[in-house]
Amino acid sequence: MRAKQRREVMKTMRDHFRVVRGTTLIEKPDQGRAMECVAAHAASNHFLRAGDFCRFADWRFVHRARLNLVPLNGSSSWRTGDRRCRRCGNNIESLAHVVNHCMRYTSLFMARHNSLVARLKKAADGKFEVVSENQAIGAQRLRPDLILRRGTTTLIIDATVPFDNRMKAFEEAADEKRAKYEELRKEIAAEHPGEVTVFPFIVGSLGSWDPANDVLVRQLCSRAYAKLMRKLCVSEVIGYTRDVYTEHISGVRARHG
Numbered sequence: 001m002r003a004k005q006r007r008e009v010m011k012t013m014r015d016h017f018r019v020v021r022g023t024t025l026i027e028k029p030d031q032g033r034a035m036e037c038v039a040a041h042a043a044s045n046h047f048l049r050a051g052d053f054c055r056f057a058d059w060r061f062v063h064r065a066r067l068n069l070v071p072l073n074g075s076s077s078w079r080t081g082d083r084r085c086r087r088c089g090n091n092i093e094s095l096a097h098v099v100n101h102c103m104r105y106t107s108l109f110m111a112r113h114n115s116l117v118a119r120l121k122k123a124a125d126g127k128f129e130v131v132s133e134n135q136a137i138g139a140q141r142l143r144p145d146l147i148l149r150r151g152t153t154t155l156i157i158d159a160t161v162p163f164d165n166r167m168k169a170f171e172e173a174a175d176e177k178r179a180k181y182e183e184l185r186k187e188i189a190a191e192h193p194g195e196v197t198v199f200p201f202i203v204g205s206l207g208s209w210d211p212a213n214d215v216l217v218r219q220l221c222s223r224a225y226a227k228l229m230r231k232l233c234v235s236e237v238i239g240y241t242r243d244v245y246t247e248h249i250s251g252v253r254a255r256h257g
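This is the structure in structure tokens:
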């Protein structure tokens, strides 16, 4: 066997075992939930080698969080004792509850969400007209994050940050957004003939980039800026989520929403 052939054999074996390890991790009922979302797009792990746009504190937090290894009262089903949230006391203190649902951190949740909207608005700057930004519109007085228009094309964009609980969670969040704004889409289409589309924009609270976002991003900006935007969105969401978790544990606010 020649040297080139040996290298090809070794590469094939490495690729095979890498796929097996990844599949085994994703199939785990607990630790695989977030990892399925993380593995769906390379942008979710952009910071692994160089740490781009990622604080050291975020780095230390996110890998444990994605594997559900952060210490919380309700993080493991086999733990005994009080599993209620130490701050609100109303639910099991799971990571999903802390970083997405505990009402004590509403301002940080909103700041995290608004950081994505700001990135979208900047990406569209100069290419689309901002018709509406978080304003009540239509018969139902809904408030989509952004309505953008260019010529006969209108985009209704609404961002959301669900917990990374397998790709089904992202799909359900997207379906909910489309259903919510369908009547508004019809109203706008009647007033402004042309293509009117509802675009959910989804980044998981542990920094998972939804591959479906790429359809929207390709319309908003160049390929080079899209690559940067993905990294910034992922890193900023991780940063805010880490700050929510840190405040939950310590009681000290790391960032003001």
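So the sequence shown is numbered by the UniProt record's numbering: it starts at 1 and just counts up by one. Ideal placement from N, C-alpha and C gives every residue a C-beta, glycine not left out.
Residue i versus residue j - alpha carbon distance
| i | j | result |
| --- | --- | --- |
| His248 | Ser115 | 21 Å |
| Gly138 | Pro144 | 11 Å |
| Thr80 | Pro200 | 39 Å |
| Asp125 | Cys221 | 9 Å |
| Ser76 | Phe128 | 47 Å |
| Phe47 | Val19 | 21 Å |
| Asn73 | Arg84 | 7 Å |
| Gln219 | Lys186 | 21 Å |
| Val196 | Gly207 | 29 Å |
| residue 297 | Val217 | Here the chain has residues from 1 to 257 only, and residue 297 is not among them. |
| Ala176 | Ala136 | What sits at residue 176 in the sequence shown is Glu, not Ala. Looking at the two C-alpha atoms, the distance is approximately 18 Å. |
| Ala190 | Val198 | 15 Å |
| Thr23 | Val130 | 43 Å |
| Val234 | Arg223 | 17 Å |
| Gly51 | His63 | 13 Å |
| Arg7 | Met13 | 10 Å |
| Glu133 | His101 | 24 Å |
Short Cβ contact (8 Å threshold) for residue i with residue j
| i | j | result |
| --- | --- | --- |
| His97 | Val161 | no |
| Asn91 | Gln31 | no |
| Ile188 | Thr154 | yes |
| Glu40 | Arg230 | Correcting the residue type first, residue 40 is Ala in the shown sequence and not Glu. No, the Cβ-Cβ distance between Ala40 and Arg230 is not below 8 Å. |
| Ala159 | Ala212 | no |
| Ala65 | Leu95 | yes |
| Arg104 | Arg86 | no |
Of the residues the options, the one placed nearest residue i, counting alpha carbons only
| i | options | result |
| --- | --- | --- |
| Gly151 | Asp175, Glu187, Gln140, His192 | His192 |
| Glu183 | Val234, Arg141, Val203, Met103 | Arg141 |
| Ser205 | Val99, Pro71, Cys54, His41 | Val99 |
| Phe109 | Arg83, Met13, Tyr245 | Tyr245 |
| Arg178 | Leu232, Gly194, Leu148, Ile156 | Ile156 |
| Val117 | Leu148, Val9, Pro71 | Leu148 |
| Arg255 | Ser107, Ser132, Ala174 | Ser107 |
| Asn45 | Thr23, Ser250, Asp243, Leu232 | Leu232 |
| Asn165 | His16, Met13, Ile202, Cys37 | Cys37 |
| Ile202 | Leu228, Phe163, Lys180, Asp52 | Phe163 |
| Leu120 | Asp214, Arg2, Met13 | Asp214 |
| Arg55 | Met1, Asp82, Asp243 | Asp243 |
| residue 267 | Met13, Leu228, Gly251 | Any property of residue 267 remains undetermined from this structure, which presents the chain solely from 1 to 257. |
| Ser250 | Met10, Pro71, Met1, Lys11 | Pro71 |
Residue i: first and last residue of the uninterrupted alpha helix (DSSP H) it sits in
| i | result |
| --- | --- |
| Val117 | 106-124 |
| Leu146 | Where Leu146 is concerned, there is no enclosing alpha helix (DSSP H), although the beta strand (DSSP E) it sits in stretches over 146-150. |
| Thr241 | 223-250 |
| Ala169 | 166-180 |
| Arg57 | Here residue 57 turns out to be Ala, not Arg, going by the sequence shown. Here the alpha helix (DSSP H) through Ala57 covers 56-66. |
| Met1 | Run containing Met1: none; DSSP gives neither H nor E here. |
| Glu36 | 32-38 |
Beta strand (DSSP E) segment containing residue i, residue limits
| i | result |
| --- | --- |
| Ser44 | Ser44 -> no beta strand (DSSP E), and no H or E assigned at all. |
| Val130 | 129-133 |
| Val198 | 195-202 |
| Asp214 | Not the beta strand (DSSP E): Asp214 falls in the alpha helix (DSSP H), residues 213-220. |
| Ala159 | 153-160 |
Closer than 8 Å to chain C by CB, residue i
| i | result |
| --- | --- |
| Glu36 | Although the question refers to chain C, the structure presented lacks it and comprises just one protein chain. |
The ligand PLP heavy atom lying under 7 Å from the CB of residue i
| i | result |
| --- | --- |
| Thr197 | Because no ligand of any kind appears in the structure shown, any question about the ligand PLP cannot be addressed here. |
Report yes or no: do three or more beta-carbon pairs, one from the stretch 41-60 and one from the stretch 223-241, lie closer than 8 Å? Put simply, the stretch 41-60 touches the stretch 223-241. At least three CB pairs are less than 8 Å apart.
Are the stretch 31-51 and the stretch 162-177 touching, with three or more C-beta to C-beta distances below 8 Å? Enough Cβ pairs lie closer than 8 Å, so yes.
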